[in-house]
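Numbering (the UniProt record's numbering), first residue to last: 1 to 328.
From the three backbone atoms N, C-alpha and C, an ideal C-beta is built for every residue, glycine too.
Just so we're clear, the structure is a prediction, and the values are computed from it rather than from any experiment.
Written out below as structure tokens is the structure these notes cover.
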Amino acid sequence: MYYKTPLSQLPVGEVNSFSKKKKYYLRLLGSVSNSRGLTLQFKEQPPLSPVPIPLSNTQDPQKFLLLSTEVETLLTKRAVEEVPVSSIDPGFYSRLFLVSKKTGGMRPVIDLSILNSYMIIPHFKMETNRSIRASILPGMWTTSLDLTDAYFHVPVCHSYRKFLRFVWNKRVYQFRALPFGLSTAPLAFTKLMQVAIAHLHSQAIQIHSYLDDSLIKELSPEKLYLNTDVVIRLFLSLGFLISWKKSDLIPSQDFIFLGEHYLTRQCIVSESLFKNSSVSISKIVTARQFSQLLGLLNSLADVVPLGRLHIRPLQFYLHQHWLPATQD
């Protein structure tokens with residue numbers, strides 16, 4: 001099958017324009033923002049600086065080149081915009097840095113840890129491995145879709161972009177789309193997707209969504225082909241771009257989703273990607289390192305016989321020797 005993508009370039013904020021087509025598209029944008037884009041909710045107003053603060057400088061020539069390239073890429077994607085010197089008003093400035101992608105390459109991330117401390121972060125529920133695992137029936141067939149730069153599809157309301165600024169190479173930029181690193185980004189994007197997923201559920205399409213990953217399932221591979229086509233066309237019409245390379249469009253009973261390996265014909269679920277995970281334990285460890293180990297083991301507990309029972313001694317030990325208030 002051939003699909004017409006909405007734009008030749010990555011469609012930052014395109015959910016806004018595509019949302020005018022049908023009523024549930026309007027609900028899609030309205031689920032996370034007003035008609036002008038995503039707004040930020042603060043416990044108290046973050047302090048704004050009247051002058052730009054350069055926090056992203058680096059003396060490493062290689063990092064400078066990489067960051068410069070990534071800033072240009074963000075401009076091309078229209079994820080950020082340059083703030084003209086003549087119109088710079090007080091803003092909140094953060095540091096831009098690079099992190100490695102699991103699939104290779106680098107991803108630019110803005111350090112919003114200080115800004116996040118001022119934000120209201122509501123509690124919300126997402127799909128989990130456990131909820132997905134419980135819904136997979138023996139012999140089911142699945143396909144999966146992965147969205148490209150998912151967060152960048154969500155526009156930020158213009159009056160809130162001043163809180164998402166950074167300085168690079170003596171120029172001021174601000175995010176015009178939802179950035180990685182914002183504490184409410186998973187909530188905003190999950191609420192966005194929930195409206196589209198609810199529409200698909202109303203058409204009896206069985207689909208799970210976890211941020212930019214979606215799993216479509218059906219007992220019949222022929223019906224799954226048709227349902228996958230419906231999902232793809234909906235996502236593209238909403239302005240989302242799909243990573244064809246990371247998506248699996250051929251129905252399969254042997255697949256990996258969210259780090260777990262499913263063999264539905266044999267009714268087997270294994271830890272898959274987690275088998276390559278390891279935690280180095282020295283003679284002296286911090287509570288954070290111990291908690292990271294418990295987090296890894298908890299993620300495997302449901303697919304290991306008596307998994308939670310094996311974890312209990314470690315949990316008891318941590319509770320006996322660590323008081324959360326001390327952080328020691």
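Asked                                                                                                                                                                      : Found
Compare the beta carbon distance of L115 and F92 with 7 angstroms and say whether it is the shorter of the two.                                                            : yes
Would you check if the distance between the CB atom of V154 and the CB atom of L294 is smaller than 7 angstroms?                                                           : no
Could you tell me the distance, in whole angstroms, from the CA atom of M126 to the CA atom of S68?                                                                        : 35 angstroms
What first and last residue would you give for the beta strand (DSSP E) that runs through I242?                                                                            : No beta strand (DSSP E) contains I242, which DSSP labels as neither H nor E.
Taking one C-beta from the region 189–197 and one from the region 165–174 each time, how about it: are there three or more such pairs within less than 8 angstroms?        : no
Whole angstroms are fine: how far does the CA of K217 sit from the CA of F235?                                                                                             : 17 angstroms
Expressed to the nearest angstrom, what Euclidean distance is found between the alpha-carbon atoms of E72 and R107?                                                        : 13 angstroms
Would you kindly work out how many angstroms separate the C-alpha atoms of K77 and N169, rounded to a whole number?                                                        : 19 angstroms
Spatial neighbours of V230 within its chain, please: CB distance less than 8 angstroms, with the 5 preceding and 5 following residues excluded, ordered by chain position. : L200, Q203, I205
Let's see if you can read the secondary structure: which residues bound the beta strand (DSSP E) around S209?                                                              : 206–210
Can you tell me whether DSSP reads F166 as helix, strand or coil?                                                                                                          : strand
So, are the CB atoms of D146 and K63 less than 7 angstroms apart?                                                                                                          : no
Please name the residue in V167, L137, V85 whose C-alpha comes closest to that of T58.                                                                                     : V167
Expressed to the nearest angstrom, what Euclidean distance is found between the alpha-carbon atoms of H261 and S49?                                                        : 49 angstroms
Check S56 in the structure and name its three-state DSSP category.                                                                                                         : coil
If you run the structure through DSSP and keep just helix, strand and coil, what is T253?                                                                                  : In the sequence on display, residue 253 carries Gln and not Thr. Of the three classes helix, strand and coil, the one that applies to Q253 here is coil, per DSSP.
Considering only residues of the same chain and omitting the five flanking positions on each side of P11, which have a CB-CB separation below 7 angstroms?                 : Residue confidence for P11 is low, a pLDDT of 49 falling below 50, so the modelled location carries little weight; the figure read from the coordinates is stated next. Counting only Cβ-Cβ distances below 7 angstroms, and skipping sequence neighbours, we find H153, G239, L241.
Since I110 and L98 are thought to touch, with beta carbons under 8 angstroms apart, how far apart are those beta carbons, to the nearest angstrom?                         : Their Cβ separation, rounded to whole angstroms, is 11 angstroms, which puts I110 and L98 out of contact at 8 angstroms.
Would DSSP call S159 helix, strand or coil?                                                                                                                                : helix
When the Cα of R133 is compared with those of L40, F290, H208, which residue comes out closest?                                                                            : H208
For L74 and T286, what's the separation of their Cα atoms in angstroms?                                                                                                    : 37 angstroms
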